[in-house]
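Colleague: In the numbering used here, the protein residues as written are 401 to 730. I am attaching a structure below and will ask some questions about it afterwards.
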């Protein structure tokens with residue numbers, strides 16, 4: 401394949417800036433087309449290109465950010481909202497929600513997007529801020545838009561991470577929500593935002609709490625310190641903890657696969673050591689009268705299995721939530 405220096409330069413510059421390359425003339429466009437046919441570049445969005453090896457190394461959220469940065473450079477007046485704005489703000493975002501790029505427009509300018517992968521959100525007077533050179537809705541507006549559109553299992557993480565990262569706080573989120581009473585489902589958004597807690601350590605835990613909320617589960621306490629009976633000075637912090645009506649305790653530990661494969665989390669330990677430590681931790685909590693059950697990502701979409709586990713471990717339920725969501729035993 402002949403060397404096209406402009407194409408190579410554009411790809412290198414785009415990679416270093418965290419965006420996609422856009423050809424400026426027909427000759428460069430044809431050069432990208434040849435590389436696309438050869439499989440050395442990909443076209444993730446209309447008119448955009450990236451090195452195939454670099455693109456494969458990115459997770460879905462990083463890929464979405466590359467596209468957002470590129471669109472912002474091509475259309476500086478565009479405003480991004482919903483999950484796209486959340487990514488720019490650095491909030492937790494479930495991978496399935498970052499696939500569509502969300503642009504904010506006024507209702508009188510709305511028409512169906514011509515580009516595949518682009519979704520328009522209509523807002524009369526959007527609350528806009530500029531982050532890293534990109535126009536996005538404010539954190540409060542972004543979280544609200546996500547909470548009213550998606551199930552709690554997908555949307556709670558936006559609110560939790562916004563608080564955890566210091567981008568906003570729970571009172572501000574609630575004030576913004578209550579100022580949107582003309583919006584459909586604002587009251588359901590309020591109920592989810594009342595659950596928001598910056599003590600949630602990652603998006604997986606937020607997704608787990610959201611799924612339990614959808615089952616009618618009572619609000620748990622997060623990361624409650626429990627002294628270790630085996631090692632003086634050590635403290636265990638269960639992801640979620642409830643107190644039953646009889647005064648006994650039950651805890652839920654959410655296990656994402658990352659803790660077993662990410663070097664940053666396992667250090668010099670192998671998987672067997674990590675599993676053994678998790679078992680000893682559960683045994684320590686059990687010796688102090690705390691029943692422990694574990695949930696994995698695969699459990700979160702299995703409502704029947706979740707309800708069975710909640711019943712088996714006698715996890716406190718909130719009948720008000722169950723009535724509002726239409727969740728009933730059996």
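Note that the Cβ used here is the ideal one computed from N, Cα and C, for glycine as well.
Identify, in the order they occur along the chain, each residue of the same chain with its Cβ nearer than 6 Å to the Cβ of residue 460, setting aside the five sequence neighbours on each side.
Modeller: 495 and 498.
Colleague: For the putative contact between residue 573 and residue 593, defined by C-beta atoms under 8 Å, what is the C-beta separation to the nearest angstrom?
Modeller: Their Cβ separation, rounded to whole angstroms, is 5 Å, which keeps residue 573 and residue 593 in contact under 8 Å.
Colleague: Spatial neighbours of residue 700 within its chain, please: CB distance less than 8 Å, with the 5 preceding and 5 following residues excluded, ordered by chain position.
Modeller: Within the same chain, residue 700 has close Cβ partners 553, 607, 608, 611 and 706.
Colleague: Kindly list the residues whose CB is nearer than 8 Å to the CB of residue 536, restricted to its own chain and excluding five residues on each side of it in sequence; keep chain order.
Modeller: Same-chain partners within the cutoff: 479, 480, 481, 484, 485, 488, 489, 528, 529, 530 and 542.
Colleague: Per DSSP, what kind of secondary structure is residue 554 in: helix, strand or coil?
Modeller: Three-state DSSP puts residue 554 in a helix.
Colleague: Let me confirm a value: residue 465 is counted as buried when at least 16 other C-beta atoms fall within 10 Å, else exposed. Which label applies?
Modeller: So residue 465 ends up on the buried side.
Colleague: Taking just the CA atoms, how far does residue 652 sit from residue 599?
Modeller: Their backbone Cα atoms lie some 15 Å apart in a straight line.
Colleague: Helix, strand or coil, according to DSSP, for residue 615 in the structure here?
Modeller: If DSSP states are grouped into helix, strand and coil, residue 615 belongs with coil.
Colleague: Kindly give me the distance between the Cβ atoms of residue 519 and residue 534, rounded to whole angstroms, as I take these residues to be in contact under 8 Å.
Modeller: Contact doesn't hold; Cβ gap of about 17 Å is too wide.
Colleague: Counting C-beta neighbours from all protein chains within 10 Å, is the total for residue 474 16 or more, i.e. buried, or is it exposed?
Modeller: Residue 474 should be labelled exposed.
Colleague: Using a Cβ-Cβ cutoff of less than 7 Å, which residues in the same chain neighbour residue 532 once the five nearest sequence positions on both sides are dropped?
Modeller: Closer than 7 Å at the Cβ level, and outside the excluded window around residue 532, lie 488.
Colleague: Give, in chain order, every unbroken run of the alpha helix (DSSP H) that is at least 4 residues long and sits entirely within the segment 594 to 656.
Modeller: Here the runs fully enclosed are 603 to 614.
Colleague: Could you tell me the distance, in whole angstroms, from the CA atom of residue 677 to the CA atom of residue 634?
Modeller: Answer to the nearest angstrom: the Cα atoms are 13 Å apart.
Colleague: Bridge partners for residue 451 per DSSP, in chain order?
Modeller: The partner list for residue 451 (beta bridge, DSSP) reads 441.
Colleague: Going by CA-CA distance only, name the one from 431, 454 and 505 that's closest to residue 417.
Modeller: Comparing Cα positions, the closest option is 454.
Colleague: If you follow the beta strand (DSSP E) that residue 520 is part of, which residue opens it and which one closes it?
Modeller: Residues 518 to 522.
Colleague: In terms of residues, what are the limits of the alpha helix (DSSP H) holding residue 700?
Modeller: Segment: none, residue 700 is in no alpha helix (DSSP H) and carries neither H nor E.
Colleague: Across which residues does DSSP place residue 563 in a beta bridge pair?
Modeller: Paired residues: none, contrary to the question.
Colleague: Name the residue from 601, 646 and 655 whose alpha carbon lies nearest to the alpha carbon of residue 492.
Modeller: Looking at the Cα atoms, 601 is the closest of the given residues.
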